[in-house]
Amino acid sequence: MEKPVIIFGAKGIAHPALEIFNSNEIVVYGFLDEDETLHHKEINHVGVLGNPEDDGFLKLIGKKCEAFVAVEDASYRKYLVKLLNERRKVQPVNALHKTSYISTDAAIGHGNFINAKVTIGAGAEIGNHCIFHTNVTIEHQAKLGNYVQVGAGATINANVTIGAGVFIGSGAHVVAGVNIGKNARIGAGSMVIGDVEEGQTVFGNPAKPIEA
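Sequential numbering of the sequence shown, starting at 18, is according to our numbering.
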């Protein structure tokens, strides 16, 4: 990547995203965030320039800068991705920590956050705009949809299929061959040994549905 990056968002994963780009010697031009109290402040010597919808900054995207969306809230993340797609005709770049391992046989979409020591195995398929925290393991032939978030230290075993919008908590373990439906939530530390229905929340060892 030759162009510098503007990071959309200045909270949560924005700081580790900066570290990821720094680890790859990619220049971060600045941050954009809707919270005006953050404007003109700095994160590790990189300034928060203004609002994500400011045309003065948006016009740089695609010409002089790339964009990365560092927002964990899925609905706002989708909004910013749509903003970039429609107003700048670009897709956000991936943030891939240099200590992550991605098989040459894996397929990865756009705009993914892949932190330190993440492992993605052979034949795995990763959608767009996913968030993988430190030490996540995704084994061979696993298939993950768009906007999936996986907490630190979680393990997704071989041939697991995960639908769009799924949240998997830190330290969770999903055994081989399991299917997890769209927008399901897996509690931290859970052991998932069977399929999880769309929109369902499960927790425990073994993981069981939590009634609303």
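Backbone N, C-alpha and C fix where the C-beta goes; we use that ideal spot for every residue, glycine too.
Within a Cβ cutoff of 6 Å, which residues of the same chain sit near T218, ignoring the five residues on either side of it in sequence?
On the sequence shown, residue 218 is found 201 positions in, with the first residue counted as 1. Excluding residues within five positions, the ones whose Cβ falls inside 6 Å are R202, I227.
What residues in its chain sit with their C-beta under 6 Å from that of A124, if we drop five residues either side in the sequence?
Numbered from its first residue, the sequence shown carries residue 124 at position 107. Contacts found: E142.
Please name the residue or residues paired with Q231 in a DSSP beta bridge.
The first residue shown for the chain is 18 and the last is 229, placing residue 231 beyond what the model contains.
With 16 other Cβ atoms within 10 Å as the buried cut-off, status of S92
Translated into positions along the sequence shown, residue 92 becomes position 75. Exposed, since its Cβ has fewer than 16 Cβ neighbours within 10 Å.
Does the Cβ-Cβ distance between V167 and V177 come in under 8 Å?
Walking along the sequence shown from the start, residue 167 turns up at place 150. Walking along the sequence shown from the start, residue 177 turns up at place 160. No. Outside cutoff.
Cross-strand partners of H57 (DSSP beta bridge)
Taking the sequence shown and counting its residues from 1, one reaches residue 57 at position 40. Answer by DSSP bridge pairing: none, since H57 is not bridged.
Option in Y164, N41, G204, I197 with minimal Cα separation from H114
Within the sequence shown, residue 114 is the residue found at index 97, counting from 1. The option with the nearest alpha carbon to H114 is N41.
Please report the straight-line C-alpha distance between K199 and G26, rounded to a whole angstrom.
As a position in the sequence shown, residue 199 is number 182, starting the count at 1. As a position in the sequence shown, residue 26 is number 9, starting the count at 1. Going by the C-alpha atoms only, they are around 25 Å apart.
Taking only the alpha-carbon atoms, compute the straight-line gap between H157 and H57 and give it to the nearest angstrom.
In the sequence shown, counting from the first residue as 1, residue 157 sits at position 140. In the sequence shown, counting from the first residue as 1, residue 57 sits at position 40. Each residue's Cα considered, the two are about 44 Å apart.
Keeping to the same chain, check which residues put their C-beta closer than 7 Å to that of A205; ignore five residues upstream and five downstream.
Against the sequence shown, residue 205 aligns to sequence position 188. Hits under 7 Å: G168, G186, S187, G188, A189.
Expected contact under 8 Å - CB spacing of V183 and V195 to nearest Å:
Your numbering for residue 183 matches position 166 in the sequence shown. Your numbering for residue 195 matches position 178 in the sequence shown. Contact doesn't hold; Cβ gap of about 11 Å is too wide.
Specify the secondary structure class of N174 as computed by DSSP and reduced to three states.
Counting from 1 along the sequence shown, the entry for residue 174 is found at position 157. Coil.
Would you identify the three-state DSSP class for V98, choosing helix, strand or coil?
Mapped onto the sequence shown, residue 98 falls at position 81. V98: helix per DSSP, three-state reduction.
In the DSSP output, which residue or residues are listed as bridge partners for G140?
Translated into the one-based positions of the sequence shown, residue 140 becomes position 123. G140 is not bridged to any residue.
Using only CA atoms, which one of V209, H62, H146 lies nearest to A181?
By 1-based counting over the sequence shown, the position of residue 181 is 164. Cα-wise, what sits closest to A181 is H146.
Does the separation of the CB atoms of D50 and V63 fall below 8 Å?
The residue you call residue 50 lines up with position 33 of the sequence shown. The residue you call residue 63 lines up with position 46 of the sequence shown. The answer is no: Cβ separation not under 8 Å.
Roughly how many angstroms separate the alpha carbons of F85 and A193, rounded to a whole number?
For the purposes of this step, residue 85 is identified with residue 68 of the sequence shown, where counting begins at 1. For the purposes of this step, residue 193 is identified with residue 176 of the sequence shown, where counting begins at 1. Rounded to the nearest angstrom, the two C-alpha atoms are 32 Å apart.
Beta carbon proximity, H157 to chain D, threshold 8 Å:
The structure shown contains no chain D; it holds only a single protein chain.
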